[in-house]
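For the sequence shown, our numbering gives the first residue as 5, with consecutive numbering after it.
All C-beta atoms in this analysis are idealised placements derived from N, C-alpha and C, irrespective of residue type, glycine included.
Treat the numbers as computed from the prediction; the structure is a model and nothing was measured.
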Amino acid sequence: MSNPYPMPRAFHIMTKPRGPICNLNCDYCYYIPKVQMYPGSDFRMTDEVLESFTRQYMAAQQVPEITFGWQGGEPLLMGIPFFERALEFQEKYHHPGMHIINTLQTNGTLIDDAWTEFFHRHNFLIGLSMDGPQAMHDAFRVDKGGHPSWERVMRGLHLLQSHQVEYNILCTVHQANALHPVEVYRFFRDEVKTKFIQFIPIVRRNNETGHQEGLELTHHSVTAKQYGDFLIGVFDEWLQHDVGQIFVQIFDVALAAWFGQQPGLCVFEPTCGLGLAMEHNGDLYACDHYVEPHYKLGNIMGTPLIEMVASKEQFKFGRAKFDTLPQQCLDCEVRFICNGGCPKNRVLTIEGEETRLNYLCAGYKAFFNHIDRPMRMMVEELHQHRAPANVMYRLAQERAAQEQRFVKIGRNDPCPCGSGKKFKHCHGKK
Ligand code: SF4
Ligand code: SF4
């Protein structure tokens with residue numbers, strides 16, 4: 005009987021050749037505890053698993069561009085020869101017309117000349133994990149001895165820059181940096197000199213397994229309000245200076261949604277299921293955030309990859325995101341972009357409902373409402389075949405016109421902002 009669950013045209017697998025093994029021990033990391041799932045393992049992907057994965061992954065994609073995403077733990081702990089073999093296998097199973105991209109997420113501390121030469125030669129796109137200026141980064145990103153890592157990451161960054169390796173920044177937002185959005189953003193823009201930034205909220209369950217179990221969160225976790233305010237702070241700075249120059253993932257995703265397209269980031273898609281994760285031994289899981297026994301689909305050495313990706317279990321996992329939306333989300337004015345957020349963060353109980361609301365809801369709502377007008381203006385620009393960056397000039401003109409109106413106003417006149425109050429009691433207040 006044919007599989008009733010259709011094979012997606014494209015999907016992504018986050019690949020963990022060294023499993024959860026890492027040279028750092030970041031306080032908030034949810035992945036290090038996964039070591040307990042593989043007692044006695046050496047946590048090293050063998051050439052057999054690597055070759056089988058490469059062959060099956062490339063054969064299953066029905067699009068011309070394929071992205072290999074290397075992650076961990078710390079993938080650099082595999083050493084350069086492992087990645088040379090990965091490239092050999094990619095070459096071996098490459099079809100004509102296929103374009104291959106290799107992305108690698110690293111904590112940056114092990115980068116040296118040899119790595120940067122390798123990355124440069126093979127066009128690797130490097131995601132560097134950094135949480136901002138030194139004190140904010142070092143608050144939680146420490147090594148096994150509890151020593152800070154910022155200086156080592158900056159050394160790695162400078163090597164990437166000097167070898168012209170393409171890199172972007174993945175910054176987690178947590179209790180140590182959430183109150184400083186502009187400082188964090190300017191640091192990445194002006195000192196790290198990146199053009200692409202992702203801000204990922206830390207919402208970590210307080211347990212020993214790293215699984216999505218229990219409803220209590222750790223003390224590192226950002227609150228919904230802090231996360232919303234953080235995004236708003238960064239957005240306002242970006243909107244004044246950097247549209248079209250600096251690309252912040254959640255702003256790009258939002259613009260796509262306002263423009264009527266799919267958000268393109270799993271967290272804000274209506275359903276899940278297209279971003280899987282594979283452990284060092286070939287075990288395949290529904291998602292990087294659900295590497296736990298209940299969400300294991302099988303092992304690529306025993307079950308064809310394609311069958312697991314198009315399985316009933318994975319389909320149900322993906323649909324559950326939509327099927328378990330609480331009424332609040334179904335009625336929400338920003339659902340077209342939020343879609344209830346990542347199910348792993350749905351921990352808030354609501355009276356009278358069986359399903360849970362996203363812990364970050366209040367922050368998402370505040371942020372998405374805050375950006376509504378500028379997003380609409382950018383969409384207008386796109387419809388006119390002009391650059392969204394024009395929004396900066398339009399808003400600057402509006403501000404200048406408003407300032408002019410304020411200059412001419414008498415203290416007892418109605419405030420030009422339309423509040424109905426006298427100017428002296430509103431924007432003219434000393
Ligand atoms: S569970 Fe969360 S991280 Fe995983 S695919 Fe769904 S939205 Fe993405
Ligand atoms: S903002 Fe809140 S209510 Fe609205 S879709 Fe997102 S999580 Fe649901």
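- Secondary structure remark: continuous beta strand (DSSP E) runs of at least 3 residues inside the region 341-420, in chain order: 350-353, 360-362.
- Contact between the region 173-191 and the region 209-219 is absent: fewer than 3 CB-CB pairs across the two stretches fall below 8 Å.
- Within the same chain, and ignoring the five residues on either side of residue 318 in sequence, the residues whose Cβ sits closer than 7 Å to its Cβ are 277, 290, 301, 312.
- Remark: C-beta atoms of residue 49 and residue 21 approach each other more closely than 7 Å.
- Under DSSP, residue 172 takes part in a beta bridge, and its partners are 131.
- Ranked by how close their Cα comes to the Cα of residue 288, the residues 306, 45, 205 have 306 in first place.
- Here residue 51 is exposed. Its C-beta has fewer than 16 other C-beta atoms within 10 Å.
- Closest option to residue 18, judged by alpha-carbon separation, among 69, 36, 77: 77.
- Distance from the CA atom of residue 237 to the CA atom of residue 348, rounded to whole angstroms, is 25 Å.
- The alpha helix (DSSP H) runs lying completely inside the region 53-107 and spanning 4 residues or more are 84-96, given in chain order.
- If you draw a straight line from the Cα of residue 362 to the Cα of residue 422, it is about 36 Å long.
- Residue 280 has 17 as its beta-bridge partners, per DSSP.
- 323 is the residue among 323, 392, 378, 327 whose C-alpha sits nearest the C-alpha of residue 9.
- Within the region 224-311, the runs of beta strand (DSSP E) that reach at least 3 residues and sit entirely inside it are, in chain order, 279-282, 287-289, 300-303.
- Between the alpha carbons of residue 141 and residue 16 lies a distance of about 29 Å.
- Residue state for residue 147 is assigned as strand, using DSSP reduced to three classes.
- By the neighbour-count criterion, in which 16 or more other beta carbons inside 10 Å mark a residue as buried, residue 345 falls on the buried side.
- In the structure shown, residue 114 falls within a coil segment according to DSSP collapsed to helix, strand and coil.
- Between residue 123 and residue 169, the C-beta gap is smaller than 7 Å, which places the two residues in contact.
- Counting only runs of at least 4 residues, the region 152-213 fully encloses the following alpha helix (DSSP H) elements, listed from N- to C-terminal order: 154-166, 185-190.
- Taking residue 114 as reference, the option from 380, 93, 130 with the minimal CA-CA separation is 130.
- Between the C-alpha atoms of residue 133 and residue 390 there is a straight-line separation of about 34 Å.
- Contact between residue 67 and residue 13 is confirmed by a C-beta separation of about 6 Å, below the 8 Å threshold.
- Going by C-alpha positions, residue 102 is about 15 Å away from residue 92.
- Taking a cut-off of 8 Å on C-beta distances, the region 356-372 touches the region 324-338, as three or more cross pairs fall below it.
- Taking the CA atoms as reference points, residue 195 sits about 10 Å from residue 136.
- Set against 6 Å, the gap from the CB of residue 369 to the closest heavy atom of ligand 2 is smaller.
- In the assembly as shown, residue 159 is an exposed residue. Its beta-carbon has fewer than 16 other beta-carbons within 10 Å.
- Taking 7 Å as the cut-off, the Cβ atoms of residue 224 and residue 32 count as close.
- If you check the C-beta of residue 339 against ligand 2, you find a heavy atom less than 6 Å away.
- Exclusion of the five residues before and after residue 412 leaves no residue of its chain whose Cβ lies closer than 6 Å to its Cβ.
- For ligand 2, a non-hydrogen atom lies closer than 6 Å to the CB of residue 344.
- Out of 189, 210, 119, 205, the CA that lies nearest to the CA of residue 165 is found in 119.
- Annotation for residue 334: the continuous alpha helix (DSSP H) segment containing it runs 331-334.
- Per DSSP, reduced to three states, the secondary structure at residue 428 is helical.
- When distances are taken from the beta-carbon of residue 230 to the heavy atoms of ligand 2, even the shortest one reaches 6 Å or more.
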